[in-house]
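Peer 1: So that we are looking at the same thing, I have put the structure below in structure tokens.
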Amino acid sequence: MPKTLQFGITNFEIDFKDLVMNTMIKNKRFENDVEFRGADIKDSRAVVILLHGRRQNADTIYELAEKIGFTDITYILPLAPELTWYPRGFMRDLEDNQPYLSVALERIHYIITDLKNQNIKPENIFLMGFSQGACIVSQYLWENPQKLGGVIAFTGGLFGPELTYTSHEGLPINGTQLIFTGGKEDSWVPEQRVRDTAALFEKLGGNVTTKIYSGRDHLVSDEEVELAKTLLNI
Numbered sequence: 001m002p003k004t005l006q007f008g009i010t011n012f013e014i015d016f017k018d019l020v021m022n023t024m025i026k027n028k029r030f031e032n033d034v035e036f037r038g039a040d041i042k043d044s045r046a047v048v049i050l051l052h053g054r055r056q057n058a059d060t061i062y063e064l065a066e067k068i069g070f071t072d073i074t075y076i077l078p079l080a081p082e083l084t085w086y087p088r089g090f091m092r093d094l095e096d097n098q099p100y101l102s103v104a105l106e107r108i109h110y111i112i113t114d115l116k117n118q119n120i121k122p123e124n125i126f127l128m129g130f131s132q133g134a135c136i137v138s139q140y141l142w143e144n145p146q147k148l149g150g151v152i153a154f155t156g157g158l159f160g161p162e163l164t165y166t167s168h169e170g171l172p173i174n175g176t177q178l179i180f181t182g183g184k185e186d187s188w189v190p191e192q193r194v195r196d197t198a199a200l201f202e203k204l205g206g207n208v209t210t211k212i213y214s215g216r217d218h219l220v221s222d223e224e225v226e227l228a229k230t231l232l233n234i
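Note that full-length UniProt numbering gives residue 168 to position 168 of the sequence shown, counting from 1, and the numbers run on in steps of one.
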């Protein structure tokens, strides 16, 4: 079995609506809920928006960036209230995870818009996430289809009980590199949801790689890290 980078996961549900709404009202632009790691943005060749999983913090998810190993990339790490992006399973009805889901997607949109306003080229902007973070980056790109440098979703997929999404017209993400991974026995993110999510993005013109691992826990393996290295080695 390959060496792995283990992330702790706790199965729980928490009602933090007041905390989320206060964050929206008091800190609409979200600057205080984001950490910057890696290269200074003016010197970097790429920017990765890296979203943590449930109960992870900036230090925990940045271990993944350190394992990827590039020193000339800026990592932007948004932080979720109570370290949880949404309180219930991502395969529940979308309404069950509101307003948390909308808040998370708005935050990603704000960051990407700000980067573009700083003249960062879209092809140099990447989205990466693990578990809950992977679900958020997948959902963001579906709801805001655009060409980016790439998207890496380590064990995640689109939200909802069934993927009955109406496809977008044309090929809005044409050529964007996407990686979707998962575990065959993963109890948090079913293999079929990963595959179905990847298939939908292929229809939008994405250059999609899908990898499903047997006997792998809910974590990011060394092989997955190597996939990320290849994609980010632009």
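The C-beta atom is built at its ideal place from N, Cα and C for all residues, glycine as well.
How about Leu141 and Leu148: are their beta carbons less than 9 angstroms apart?
Peer 2: Along the sequence shown, one-based indexing puts residue 141 at 141. Along the sequence shown, one-based indexing puts residue 148 at 148. Contact: yes.
Peer 1: When we look at the beta-carbon of Ser167 and count the other beta-carbons within 10 Å, is it buried (16 or more) or exposed?
Peer 2: In the sequence shown, counting from the first residue as 1, residue 167 sits at position 167. With fewer than 16 other Cβ atoms within 10 Å, it is exposed.
Peer 1: Do you know offhand how far Ser102's Cα is from Gln132's?
Peer 2: Here residue 102 refers to the residue found at position 102 of the sequence shown. Here residue 132 refers to the residue found at position 132 of the sequence shown. So the alpha carbons of these two residues sit roughly 14 angstroms apart.
Peer 1: Name the two residues that bound the continuous beta strand (DSSP E) containing Phe201.
Peer 2: Position 201 of the sequence shown holds residue 201. From DSSP, Phe201 is part of no beta strand (DSSP E) but of the alpha helix (DSSP H) over 191 to 203.
Peer 1: Cα-Cα, which of Val189, Gly206, Tyr62 is closest to Arg216?
Peer 2: Position 216 of the sequence shown holds residue 216. Cα-wise, what sits closest to Arg216 is Val189.
Peer 1: Among the residues of its own chain, which have a CB less than 6 angstroms from the CB of Asp196, if the five just before and after it don't count?
Peer 2: If you number the sequence shown from 1, residue 196 lands on position 196. Excluding sequence neighbours, Asp196 sits near Leu163.
Peer 1: Starting from Leu74, trace the beta strand (DSSP E) both ways and give me its first and last residue.
Peer 2: The residue labelled residue 74 in the question sits at position 74 within the sequence shown. In the sequence as displayed, the identity of residue 74 is Thr instead of Leu. Looking at the DSSP string, the run of the beta strand (DSSP E) that includes Thr74 is 73 to 78.
Peer 1: I need the DSSP call for Glu35, collapsed to helix, strand or coil.
Peer 2: Indexing the sequence shown from 1 puts residue 35 at position 35. Here Glu35 sits in strand by DSSP.
Peer 1: Below 8 angstroms CB to CB, which residues in the same chain sit around Lys28 once its five sequence neighbours on both sides are set aside?
Peer 2: To locate residue 28, count along the sequence shown from 1; it is residue 28. Low local confidence applies: a pLDDT of 45 at Lys28 is under 50, so the model's placement there is unreliable, with the coordinate-based value given in what follows. Excluding positions up to five away in sequence, the list is empty.
Peer 1: What did DSSP end up calling Leu232 once you bin it into helix, strand or coil?
Peer 2: Mapped onto the sequence shown, residue 232 falls at position 232. DSSP places Leu232 in helix when its eight states are reduced to three.
Peer 1: Checking 9 angstroms against the spacing of the C-beta atoms, do Leu204 and Pro172 come in under that value?
Peer 2: For the purposes of this step, residue 204 is taken as the residue at position 204 of the sequence shown. For the purposes of this step, residue 172 is taken as the residue at position 172 of the sequence shown. In this structure, Pro172 lies closer than 9 angstroms to Leu204 by Cβ.
Peer 1: If contacts are defined as beta-carbon pairs under 8 angstroms, then Leu83 and Gln139 qualify, I think. What distance do you get, rounded to the angstrom?
Peer 2: Counting from 1 along the sequence shown, the entry for residue 83 is found at position 83. Counting from 1 along the sequence shown, the entry for residue 139 is found at position 139. With 8 angstroms as the limit, Leu83 and Gln139 do not qualify as a contact, their Cβ atoms being about 19 angstroms apart.
Peer 1: Using only the alpha-carbon positions, how far apart do Gly69 and Ala46 sit?
Peer 2: Here residue 69 refers to the residue found at position 69 when the sequence shown is read from its first residue. Here residue 46 refers to the residue found at position 46 when the sequence shown is read from its first residue. One C-alpha to the other measures close to 13 angstroms.
Peer 1: Counting along the chain, where does the beta strand (DSSP E) carrying Ile49 start and finish?
Peer 2: Indexing the sequence shown from 1 puts residue 49 at position 49. Ile49 -> beta strand (DSSP E) spans 46 to 51.
Peer 1: Is Tyr100 helix, strand or coil when you go by DSSP?
Peer 2: By one-based count along the sequence shown, residue 100 stands at place 100. Correct three-state label for Tyr100: helix.
Peer 1: Once you ignore the five residues that flank Met24 on each side, which residues in its own chain have a CB closer than 7 angstroms to its CB?
Peer 2: Along the sequence shown, one-based indexing puts residue 24 at 24. Because Met24 sits at a pLDDT of 39, beneath the cut-off of 50, its placement in the model cannot be relied upon, and the following sentence gives the value as read from the coordinates. The residues are Val103.
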